[in-house]
Every structure is written in structure tokens, then in C-alpha cells.
Amino acid sequence: MAKSDRTVSPTAKIMLEKAAEMGVSTAFDRVDEMKPCPIGSKGMCCKNCAMGPCRLTKDGQVGICGATLETVAARNLVRSIAAGAAAHSDHGRDLAFVLHGVATGEAPGYQIRDEFKLREVARDLKVEVEGRTKEDIALDLAEKVLAQFGQQSGELALVARAPKKRQEVWHKAGVTPRGIDREIVEIMHRTHIGNDQDAEHILDQGLRAALGDGWGGSMLATEVSDILFGTPSPLVTEISLGVLSEDEVNIVIHGHEPTLSEMIVDAVSDPEMIEYAKSKGAKGITLAGMCCTSNETLMRQGVPSAGNFLDQELAILTGAVEAMVVDIQCIMQGLVAVAEGFHTEVITTSPKVMITGATHMEFDEHRAPEIAREIVKAAIDNFPNRGPIFIPSATEDLVPGFSHEYIRYALGGYYRGSLRPLNDAIMSGRLRGVAGVVGCNNPRVTHDEAHSRIVKEFLKNDVLVVQTGCGALCNAKLGLLLGEALEYAGPGLREICETVGIPPVLHMGSCVDNGRILTVLAEMATEGGLGDDISDIPGVGLAPEWMSEKALSIATYFVASGVYTIMGVKSPVEGSEAVTDIIGRGWEEKIGGKLEFEPDIDKTIQKSLDHIDKKRAALGLPEYDPARFGRSGDRRFNAWLKAREAGAEVSPYSMAGVTVEEA
Ligand code: XCC
1305 MAKSDRTVSP
1315 TAKIMLEKAA
1325 EMGVSTAFDR
1335 VDEMKPCPIG
1345 SKGMCCKNCA
1355 MGPCRLTKDG
1365 QVGICGATLE
1375 TVAARNLVRS
1385 IAAGAAAHSD
1395 HGRDLAFVLH
1405 GVATGEAPGY
1415 QIRDEFKLRE
1425 VARDLKVEVE
1435 GRTKEDIALD
1445 LAEKVLAQFG
1455 QQSGELALVA
1465 RAPKKRQEVW
1475 HKAGVTPRGI
1485 DREIVEIMHR
1495 THIGNDQDAE
1505 HILDQGLRAA
1515 LGDGWGGSML
1525 ATEVSDILFG
1535 TPSPLVTEIS
1545 LGVLSEDEVN
1555 IVIHGHEPTL
1565 SEMIVDAVSD
1575 PEMIEYAKSK
1585 GAKGITLAGM
1595 CCTSNETLMR
1605 QGVPSAGNFL
1615 DQELAILTGA
1625 VEAMVVDIQC
1635 IMQGLVAVAE
1645 GFHTEVITTS
1655 PKVMITGATH
1665 MEFDEHRAPE
1675 IAREIVKAAI
1685 DNFPNRGPIF
1695 IPSATEDLVP
1705 GFSHEYIRYA
1715 LGGYYRGSLR
1725 PLNDAIMSGR
1735 LRGVAGVVGC
1745 NNPRVTHDEA
1755 HSRIVKEFLK
1765 NDVLVVQTGC
1775 GALCNAKLGL
1785 LLGEALEYAG
1795 PGLREICETV
1805 GIPPVLHMGS
1815 CVDNGRILTV
1825 LAEMATEGGL
1835 GDDISDIPGV
1845 GLAPEWMSEK
1855 ALSIATYFVA
1865 SGVYTIMGVK
1875 SPVEGSEAVT
1885 DIIGRGWEEK
1895 IGGKLEFEPD
1905 IDKTIQKSLD
1915 HIDKKRAALG
1925 LPEYDPARFG
1935 RSGDRRFNAW
1945 LKAREAGAEV
1955 SPYSMAGVTV
1965 EEA
């Protein structure tokens, strides 16, 4: 297979050919050299104590302590969920520290950009807002948010945002999260040698810790980000490796937290910095995002995106990146090795992340603007060291920034902002259902293929798609996050999107922002007409190219919230039929959502549509009929456009001589 067949992304294809030509090894090569361990990859290896590692190769075999295969597989899965929940939630904690610093005046450079949201979230966390300054509210709110992490009993505050019925399901199952950190720690405790040895009971704690992430740490991270940096609304920007500039200093910001990247956005537009870049022979400074840092800065500042997870090494291969500035999560250690062949400086910035061979310029929110300028200056100083460059020229436009607040506004305006039109569209059958297609890239499967094929098929079937993370960036690169993507949409979906003026694929942010999708689902469930719980909604959640433990936490909190969730690539618990059954059939009975791993793209699409139809039937909604809608205005307009193209001088309102059939 040619290396370029490993991706469907046009610029990645070009860069993979280039990598082969230059003999540079990337994740696309290393994946061939590293076969997955056949035992560990199926969840059958226990290394939780020094009597092992015990490799259980068949059902019935037990470890030295007597642990069964199902216990081992369940323990492995929940430990991954704990790591994913910890990563997301710790991100939320750091944002709360910045909010605290803003309130006390110790975080210069930051401000409260969305005071409305500050007040709204403060009310949700029972902070007094009437007659108080925003700083006073922010101080109490930051303290309340931080307390959510260490809370020992009771329930997390934002659990109250879930539909009543959902909360009851959680109470009954005993999985309502008490404190964000507590649930993660309890997983580590329960899975230590000699503790919880009942697979279902172990997995229950996975549900609880994941809920602490989805309705706790992650949701709080989103809320605090919006307060500090602004609640996103749609704007136009561009994506792909082609956004890098031939004659300007290129800085790529990669990772997850918006705290540093927002400061770098300010620093690169400082006239002094631009002058400094010119003094080094550059025409200016280009900033581009990567992975979820990109999602954060795309939707708030319109910073162009260089791409998603598997594009990170390819960006350095252009030879045009002066600095790749990274913070936390999804940063490949391979970046440093690739950068050795070029002038690119890999700069680590988080106190939590150092990479051997990279330059460390530690970020501190107390002097953020200063550090951001130092980093930008280091990148500029590196410009004269540039060697030959090769930037693939293609770029694509996209419209990111559909926060749940904006979606509500788009559907109802100022006067009647609500999700009512969305529910109505599903009830009438114009929309067959909704799908959240999120998550990573994984070089074990063709880069960006599953994300794009699945989403196009959903559009054709009148399923409205929301996306976050690297999945969103994938389809942005392929032009699906635009009104023009309506050419892929079925007639009902097209009617809705044209009426409201939205693209058929809505970008809802970074992976920590999946809580925005939960909020939309909760509102749909309480708006009326689609049952009274998230599990009643004709919808699915997918992560078809997942690789990170965060994706497992996200999938689990979607399932725990009542969503049928399908992950691609492979199952990490494939070795245990019992665990596969618990997270599928068992969780569906207990909690209303189920988790499946399905590597086959066509089967994933079919299972999703079948599930949506099943939920429609359960609600008593009309059976989905693809031919029922789409005979309204747009056909006439299309006919007019075609007639005009053919040279006819007709108005769309007097289409004499042009029939719809001709169009
Ligand atoms: Fe990482 Fe968030 Fe996955 Fe992309 S999608 S590879 S986790 S950057 Ni969240």
C-alpha cells in the first residue's frame, strides 16, 4: 500500500509522499513496525501487582491471585476511563485557577469576557449574583468549581442539568458522581490487587467516574473557558497544512488548554512583535492550531487550523514551522525526533509536560502575556535558521463555533431561542435523528476515512451531525463544515439547514466540550415531544477513529447519559465476552445506553440508523421516509439557477417553460 493511501486528507497525502521521499519516519510508519500485543490489546493482561503480569489467554484461566478474565478486562477498562477522566478534569481545574487569578487580580492579561455566562454558571453553582461585581462573583465561583473536584459526598452541582428522569436512573444504579477526584481515586483503589472482583460492580464505578467527567470536570472546563475567553459563535476561518505561510514566521499551537494559546494569539498581533519578525526577514507572523488547541482558538479567535492528531508530525515536515508550542495531551514524543531533521523548535510549556530534547518555557498564569511574548520571540529568532520548505497549497474554509447557546439562538432568535424547531424537525421526520461524531485519529485505521464516510452517509440519511475534537477537524478539512456541504444532505435535512441557515455538520468545540452536546441532549429531552430522557432521543454517539483514554471516558459518560455509543478501531475488552456483554446489553438495561466497539464502517452506519429508527418507533413518530420532503422552495430555485446557467432570462417567480422535472 502506498503511504499516501493511509489517509484521505488531501494535504496529509502529499506530506506522506514527501516523508517517504525524505526517509522520515512518522506514526504512519511506526504503526507498521509495532504490532499490537495480542493479549494486552484485548484487555487480557493484568499487571496490577508483582506476582504477574498475568496473561490470560482464554476464558476459564485465572491469574496468580485467582482473578478471572472478566475481572481483569473490567479493571483494565475502568483504569483507562480513570486516566481519561483525570486528564479532562485536571484541564478543568487549571482553568478554575485562572478564573480565581482573574478575580484576585493575580492573572494579568486575562479577563472575564462573558459576564452573562459567569452569572448563569454562578447561579447553577449556588453563588449569589445579585448586586455583586463580576470579580466577587468570579472569586466565589472559582472556589465553588475547585471544591467540586475535592467534594466527598452528595452530588456534583451540574448533575442537576440532566433531565429528572436521567437523574433518577443514576440514583437507582448508584452511579451519581459525588466528587470529580473521588470517583477517579476510587477506581484506582478498587482495581488495586485484592479489592473489587466483580466485573459489573467494577464497571459501575467506571460509569460514575465518567459521569464525574462529563457532567463535572469537562462541563466545568467548558463553562469556565467560555467565561474567560468568550462563548463561541460561528465565524469563518480555514484549515489544513496549507494555512502555513511561506514567508512569515509560523507558530503552531498544539495541545488542549486555551490559557496559553489565547495569550499567544494576543502576542502575535502585537505590532512590536510583527516588526521584530520583519527585522529577521519574515513578512509577518502566522499562527496555526493543531488538535484541540486548534478547536479552542478556531471557534473563538478564528485562528486557522493546521489539522488534527495525525497531522502533527506532518506539519514539521513542511520545514516551515519555526516553533511548535505544546501544552498538554495528544502530543506525540515523535515530534522531537522529526524536528531534529529541521529547524523547528518544539517548546513545551506545561508544568506537567516535559519532553526530552524539547525546549521548556514554563507557563505561569501570573505572568502569561510576558511568557507568551518570550515564546513568540523564540520562534521569530528561529526564522533565519529555516532550510528548504515544502507547504502543500490546499486549504479549506470552515464555519466553527456552534455553542449550545448559539444553536438555541439560531433556531429561535432572540425572541424565542429554544430547541423546539429541532425537536419538531425530528418529530415530523425531516430529520431522521441526530448524531455526535467525535474523537481522535488512529494510525491503525486510514486517517480521517471513518469520520468522513460516516458523516457523509448520515447527511444523506437526513441525520444532523454535531462534531468535536479531531473528528470535527477531519471533516473541516474535507469541506463538510460549510453550507456548501448541503450538497451531501438528504432533502429533509437540507430543508432544515436552509431554513435556519446552518451547515449540516455543526462544530461544537474541543473534546473537553462534549459537555455542550450533553447540554443540547438534555434540553431536547425536556423540550417535549421526544420522550423525557436522553435515552429516548433518536440519536447516536460515535468515536470511529478513537485512540485516547479520554475517548473512553467520553464514550462512557455518553452511555451513562443514555446514548447508544459506537467506537471504531477495536475493542479494548475483546478478550472477555462477559465484559463485552455487560457494557452492551447489561448497561442498556441498567442505564439506557450501551457501548459497542465496531471496526467496520458500513456496519457502524447501519447500526446507527437502525437504532435511530428504533427510537423513532418507540416514540410513535412517523417512519423515516427519505422521499417525503424536499419538494419545497429549493427545487424551484435550483431549476431557476439551472435555467439561468443555460442562458434563459426568467425570474424564479415566473418560471414559464421550466418544469421541476427538468431541473
Ligand atoms: Fe486528542 Fe483532543 Fe483525540 Fe484529538 S480528539 S486525538 S483526544 S486532540 Ni479529543
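Take 1305 as the starting number for the sequence shown in the working numbering and just add one per residue. Glycine residues also receive a C-beta, built at the ideal position from the N, C-alpha and C atoms.
With C-beta atoms as the reference, is residue i less than 8 Å away from residue j?
{"i": "D1517", "j": "L1462", "result": "no"}
{"i": "T1622", "j": "F1694", "result": "yes"}
{"i": "H1811", "j": "A1776", "result": "yes"}
{"i": "K1421", "j": "I1531", "result": "yes"}
{"i": "D1837", "j": "P1481", "result": "no"}
{"i": "A1754", "j": "E1853", "result": "no"}
{"i": "M1355", "j": "C1369", "result": "yes"}
{"i": "W1519", "j": "L1320", "result": "no"}
{"i": "P1673", "j": "P1412", "result": "yes"}
{"i": "L1450", "j": "A1400", "result": "yes"}
{"i": "T1601", "j": "V1569", "result": "yes"}
{"i": "R1734", "j": "F1933", "result": "yes"}
{"i": "A1610", "j": "M1594", "result": "yes"}
{"i": "A1442", "j": "V1406", "result": "yes"}
{"i": "G1721", "j": "A1847", "result": "no"}
{"i": "L1970", "j": "L1797", "result": "Residue 1970 lies beyond the range of the chain shown here (1305 to 1967); nothing can be said about it."}
{"i": "I1916", "j": "G1737", "result": "yes"}
First and last residue of the beta strand (DSSP E) that includes residue i?
{"i": "F1332", "result": "Per DSSP, F1332 belongs to no beta strand (DSSP E); it is in the alpha helix (DSSP H), A1331 to E1337."}
{"i": "H1558", "result": "V1553 to H1558"}
{"i": "A1592", "result": "I1589 to M1594"}
{"i": "T1869", "result": "Y1868 to M1871"}
{"i": "F1901", "result": "L1899 to F1901"}
{"i": "M1628", "result": "A1627 to V1630"}
{"i": "D1701", "result": "E1700 to L1702"}
{"i": "Q1365", "result": "It is not in any beta strand (DSSP E) - Q1365 carries neither H nor E in the DSSP assignment."}
{"i": "S1609", "result": "S1609 to G1611"}
{"i": "L1846", "result": "G1843 to A1847"}
{"i": "L1768", "result": "V1767 to Q1771"}
Could you tell me if residue i is buried or exposed, where buried requires 16 or more neighbouring beta carbons within 10 angstroms of its beta carbon?
{"i": "S1583", "result": "exposed"}
{"i": "G1661", "result": "exposed"}
{"i": "G1879", "result": "buried"}
{"i": "P1655", "result": "exposed"}
{"i": "H1496", "result": "exposed"}
{"i": "Q1455", "result": "buried"}
{"i": "V1540", "result": "exposed"}
{"i": "S1955", "result": "exposed"}
{"i": "K1351", "result": "exposed"}
{"i": "W1338", "result": "Note that residue 1338 corresponds to Met in the displayed sequence, not to Trp. Classification for M1338: exposed."}
{"i": "P1696", "result": "buried"}
{"i": "D1363", "result": "exposed"}
{"i": "K1946", "result": "exposed"}
{"i": "R1310", "result": "buried"}
{"i": "Q1365", "result": "exposed"}
{"i": "G1437", "result": "The question names Gly, but residue 1437 in the sequence shown is Thr. Exposed: under 16 other Cβ atoms inside 10 Å."}
{"i": "D1502", "result": "exposed"}
{"i": "P1807", "result": "buried"}
What are the boundary residues of the alpha helix (DSSP H) that includes residue i?
{"i": "A1400", "result": "L1373 to T1408"}
{"i": "H1496", "result": "From DSSP, H1496 is part of no alpha helix (DSSP H); its letter is neither H nor E."}
{"i": "F1453", "result": "K1438 to G1454"}
{"i": "V1809", "result": "No alpha helix (DSSP H) holds V1809; the beta strand (DSSP E) holding it covers V1809 to H1811."}
{"i": "S1912", "result": "I1905 to L1923"}
{"i": "S1875", "result": "First-last for S1875: undefined, no H or E at that position."}
{"i": "A1581", "result": "P1575 to S1583"}
{"i": "V1642", "result": "G1638 to A1643"}
Exercise for the section: Mind the definition here: the stretch 1893-1902 touches the stretch 1858-1873 only if three or more C-beta pairs lie below 8 Å; say whether that holds. Expected result: Three or more Cβ pairs closer than 8 Å define a contact, and the stretch 1893-1902 meets that threshold against the stretch 1858-1873.
Exercise for the section: Report yes or no: do the stretch 1675-1685 and the stretch 1771-1782 share at least 3 C-beta pairs separated by less than 8 Å? Expected result: Contact between the stretch 1675-1685 and the stretch 1771-1782 is absent: fewer than 3 CB-CB pairs across the two stretches fall below 8 Å.
Handout entry: Three-pair Cβ contact test at 8 Å for the stretch 1390-1397 versus the stretch 1848-1860
Key = Yes: the two stretches touch, three or more of their Cβ pairs being nearer than 8 Å.
Handout entry: Three-pair Cβ contact test at 8 Å for the stretch 1622-1633 versus the stretch 1648-1658
Key = Contact holds: three or more Cβ-Cβ distances are below 8 Å.
Exercise for the section: Check whether the stretch 1455-1469 touches the stretch 1518-1526, taking contact to mean three or more Cβ pairs, one atom from each stretch, closer than 8 Å. Expected result: Because the criterion of three Cβ pairs below 8 Å is met, the stretch 1455-1469 and the stretch 1518-1526 touch.
Handout entry: Inter-stretch contact (C-beta, 8 Å, three-pair minimum) for the stretch 1701-1715 and the stretch 1548-1567
Key = Look at the beta carbons and you see the stretch 1701-1715 not touching the stretch 1548-1567: under three pairs across the two are nearer than 8 Å.
Problem - At least 3 beta-carbon pairs within less than 8 Å: the stretch 1490-1499 vs the stretch 1362-1382 - result: The way I'd put it, the stretch 1490-1499 does touch the stretch 1362-1382; three or more beta-carbon pairs between them come closer than 8 Å.
Exercise for the section: Indicate whether the contact test is met: 3 or more Cβ pairs, each with one atom in the stretch 1508-1516 and one in the stretch 1809-1829, closer than 8 Å. Expected result: Contact annotation: the stretch 1508-1516 does not touch the stretch 1809-1829, with fewer than three C-beta pairs closer than 8 Å.
Practice task
Evaluate the contact criterion for the stretch 1918-1925 versus the stretch 1877-1892: three or more CB pairs, one atom per stretch, below 8 Å.
Solution key: By the Cβ criterion, the stretch 1918-1925 is not in contact with the stretch 1877-1892, since fewer than three pairs of Cβ atoms, one from each stretch, lie closer than 8 Å.
Practice task
Check whether the stretch 1604-1614 touches the stretch 1528-1547, taking contact to mean three or more Cβ pairs, one atom from each stretch, closer than 8 Å.
Solution key: Cβ pair count under 8 Å is three or more, so yes.
Problem - Contact between the stretch 1800-1808 and the stretch 1577-1596 (3+ Cβ pairs under 8 Å) - result: Using a C-beta cut-off of 8 Å, the stretch 1800-1808 makes no contact with the stretch 1577-1596, since fewer than three inter-stretch Cβ pairs fall below that distance.
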